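One structure is given below, encoded as structure tokens.
Residue numbers (the UniProt record's numbering): 1 to 224.
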């Protein structure tokens, strides 16, 4: 797979429509959800969307909180998958603009370095670039998400439509898998256990998964 330097990707033109459409899609989504979601849960969902966009919180944190606070599991999963799609769409259309923004540019550059490190440690991602990028988005890797996935995909020489497809598919798989698992675990907790017991159970499960992943990622042959 041919790798490219996405800093040289200056052929794209950025218009106000390309910049505004992703934000308009988010606005339409929030307006639609407002029609059937109580105001308290709508505000919670909006806050979780903002928290998902701003690092370091990921779907493995946002989805359990949403479910425990009463948001339907399918809505929490769809919301985060939708944000992955919108983020990928924005990056596909506006990457030359983003890389020139004073504060966002250096931030993206750090992600580019992280992406190169990720590729060096996991050559299978280059060999199976399409499936590998889907797995990168779906699984809770360090720094995974639509922004870094866009950078990694472009570094691999993938077309914008391919990168966006990988981000969308990976976001759907990752979000719904986590939401279904958390919903199943929550249903196993006795109804009278209370919120703090539920949080403790989910914390233990999350800690176990994190330790397992960290142990694997530190193995010398991990990703080889």
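Ideal Cβ placement from N, Cα and C applies to all residues, glycine included. Small disclaimer: the values here were computed from a predicted structure and weren't measured.
From residue i to residue j, what does the alpha carbon distance come to, in whole angstroms?
| i | j | result |
| --- | --- | --- |
| residue 123 | residue 43 | 42 Å |
| residue 159 | residue 134 | 14 Å |
| residue 75 | residue 167 | 18 Å |
| residue 137 | residue 87 | 12 Å |
| residue 183 | residue 155 | 36 Å |
| residue 79 | residue 95 | 23 Å |
| residue 110 | residue 61 | 23 Å |
| residue 226 | residue 90 | Any question about residue 226 goes unanswered here, given that the chain covers just 1 to 224. |
| residue 165 | residue 187 | 33 Å |
Nearest to residue i by alpha carbon, out of the options?
| i | options | result |
| --- | --- | --- |
| residue 54 | 145, 38, 91 and 160 | 145 |
| residue 172 | 85, 66, 28 and 120 | 85 |
| residue 129 | 149, 117, 110 and 82 | 149 |
| residue 162 | 178, 176, 131 and 187 | 131 |
| residue 107 | 151, 83 and 89 | 151 |
| residue 176 | 32, 72, 157 and 165 | 72 |
| residue 27 | 50, 38, 15 and 40 | 50 |
| residue 157 | 32, 180, 181 and 127 | 127 |
| residue 82 | 45, 18 and 100 | 45 |
Would DSSP call residue i helix, strand or coil?
| i | result |
| --- | --- |
| residue 59 | helix |
| residue 101 | coil |
| residue 15 | coil |
| residue 239 | For the chain, the structure presents residues 1 to 224; residue 239 sits outside this window and is missing. |
| residue 44 | helix |
| residue 54 | coil |
| residue 71 | coil |
| residue 38 | coil |
| residue 225 | Outside the displayed range of the chain (1 to 224) lies residue 225, so it cannot be described from this structure. |
| residue 123 | coil |
| residue 155 | helix |
| residue 87 | helix |
Mind checking whether the beta-carbon of residue i lies closer than 6 Å to any heavy atom of the ligand MG?
| i | result |
| --- | --- |
| residue 80 | Because no ligand of any kind appears in the structure shown, any question about the ligand MG cannot be addressed here. |
Exposed or buried, which one is residue i when buried takes at least 16 other CB atoms within 10 Å?
| i | result |
| --- | --- |
| residue 92 | buried |
| residue 147 | buried |
| residue 36 | exposed |
| residue 178 | buried |
| residue 47 | exposed |
| residue 59 | buried |
| residue 101 | exposed |
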